[in-house]
Ligand code: HPA
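Numbering (this note's numbering), first residue to last: 33 to 316.
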């Protein structure tokens, strides 16, 4: 069996499993990052499918990353949420890391809104700030698209000029404004991890034009753009990156800080979902 058949077959089989258990076809997908997974528990008409029940869906061992595919409604919009994601640093192959978002695309979502926890590089920012991702640097040295291209998923050489959809960005700005939530904007540098960066690495990332750094998102965005899904992404700046402040970094604080913005993120995400779905006339 070729690699091409594997990817398509895996997501087809997963989609079939899911469709048996879920009434509404989701319009918008969400990926919930470290400390942000609770959003899914508040969905109306919630149906939760543990990744373990989905043969072919990789499972994360990271604290703070529950592993459930959650279906339900937000402001009347049918959504699917990844409550927890897997990371490259856990040893998963780049293609495995994007199984969940490819499944969302196969289920028919038009948009995926991605969240993550990130370290702040921009010195004028502070921990607990929220950042709209306007572009990224994939510094993982890998791509989920290496190997033979699956032409049924997308083109060999996908365009990444507007990887983060402009209308989706504008929707986030408007919703944040209307809610009185300050939304920073910047470039997200995606690294392999699992170490946090050295101060020298953070200084380098700053020179490269990044405002935030994290260990996820970039592969998901690549896979989604490959499949033609529109993408928006939001970082919770859970800490200032190494060497930007005098603090040392630990995962407990990352999760704790994300939790402090939980309510704001919930309001922002809810408004964002309604806005992108309505722009396409897909409420319902
Ligand atoms: N670096 C990388 N990933 C992160 C950070 C960081 O400082 N904070 C949260 N995720």
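The beta-carbon is built from N, C-alpha and C at its ideal position, and this holds for glycine as well.
On a predicted model such as this, the values are computed, not experimentally measured, just so you know.
8 Å contact criterion, which residue i and residue j should meet: CB distance rounded
i           : j           : result
residue 251 : residue 130 : 5 Å
residue 247 : residue 225 : 4 Å
residue 139 : residue 47  : 6 Å
residue 66  : residue 126 : Not confirmed; about 20 Å, so no contact.
residue 159 : residue 57  : Not a contact, Cβ separation roughly 38 Å.
residue 162 : residue 294 : Not a contact, Cβ separation roughly 11 Å.
residue 54  : residue 79  : 5 Å
Contacts around residue i, its chain only, beta-carbon distance under 7 Å, and the 5 residues preceding and following it disregarded
i           : result
residue 184 : 40
residue 157 : 216 and 269
residue 177 : 254 and 258
Residue i to residue j span [Cα, whole Å]
i           : j           : result
residue 64  : residue 279 : 26 Å
residue 114 : residue 61  : 8 Å
residue 211 : residue 300 : 8 Å
residue 119 : residue 209 : 32 Å
residue 45  : residue 267 : 32 Å
residue 249 : residue 69  : 15 Å
residue 4   : residue 191 : Not covered by the structure: residue 4. The range shown for the chain is 33 to 316.
residue 38  : residue 310 : 35 Å
residue 85  : residue 223 : 30 Å
residue 303 : residue 92  : 29 Å
residue 128 : residue 77  : 29 Å
residue 122 : residue 283 : 15 Å
residue 141 : residue 227 : 33 Å
residue 205 : residue 231 : 31 Å
residue 146 : residue 306 : 15 Å
residue 348 : residue 287 : Beyond the ends of the chain as shown, which are 33 and 316, falls residue 348; an answer cannot be given.
residue 148 : residue 272 : 14 Å
residue 188 : residue 256 : 13 Å
residue 107 : residue 181 : 37 Å
residue 199 : residue 132 : 24 Å
residue 154 : residue 117 : 26 Å
residue 124 : residue 166 : 26 Å
residue 289 : residue 134 : 29 Å
residue 201 : residue 50  : 30 Å
residue 197 : residue 308 : 11 Å
residue 87  : residue 52  : 14 Å
Nonlocal neighbours in the same chain, by C-beta distance under 6 Å from residue i, ignoring five residues either side
i           : result
residue 261 : 137 and 144
residue 221 : 169, 171, 237, 242 and 245
residue 253 : 195 and 263
residue 83  : 89, 91 and 99
residue 275 : 231 and 234
residue 101 : 81
residue 34  : Confidence at residue 34 is low in this model, with a pLDDT of 45, below 50, so the placement of that residue should be treated as unreliable; the coordinate-derived value is given next. For residue 34, where only same-chain residues beyond five positions count, there are no Cβ hits under 6 Å.
residue 103 : 54, 79 and 112
residue 43  : 134, 135 and 138
Own chain residues within Cβ distance below 8 Å of residue i, not counting five before or after
i           : result
residue 105 : 56, 75, 76, 77 and 111
Any non-hydrogen atom of the ligand MN within 6 Å of residue i CB
i           : result
residue 163 : Ligands present in the displayed structure are limited to the ligand HPA, and the ligand MN is not among them.
**Request:** Could you pull out every unbroken alpha helix (DSSP H) segment of at least 4 residues lying fully inside the stretch 187-275, listed in chain order?
**Result:** 198-211, 231-240 and 250-258
**Prompt:** When a residue counts only if its C-beta is closer than 7 Å to some heavy atom of the ligand HPA, which residues count, in chain order?
**Reply:** 66, 149, 150, 151, 223, 225, 228, 229, 245, 246, 247, 270, 271, 273, 274, 281 and 286
**Item:** Completely contained beta strand (DSSP E) runs for the stretch 145-178, where each covers 3 or more residues
**Value:** Whole beta strand (DSSP E) segments, 3+ residues: 162-170.
**Request:** Give, in chain order, every unbroken run of the beta strand (DSSP E) that is at least 3 residues long and sits entirely within the stretch 76-133.
**Result:** 76-82, 100-106 and 109-115
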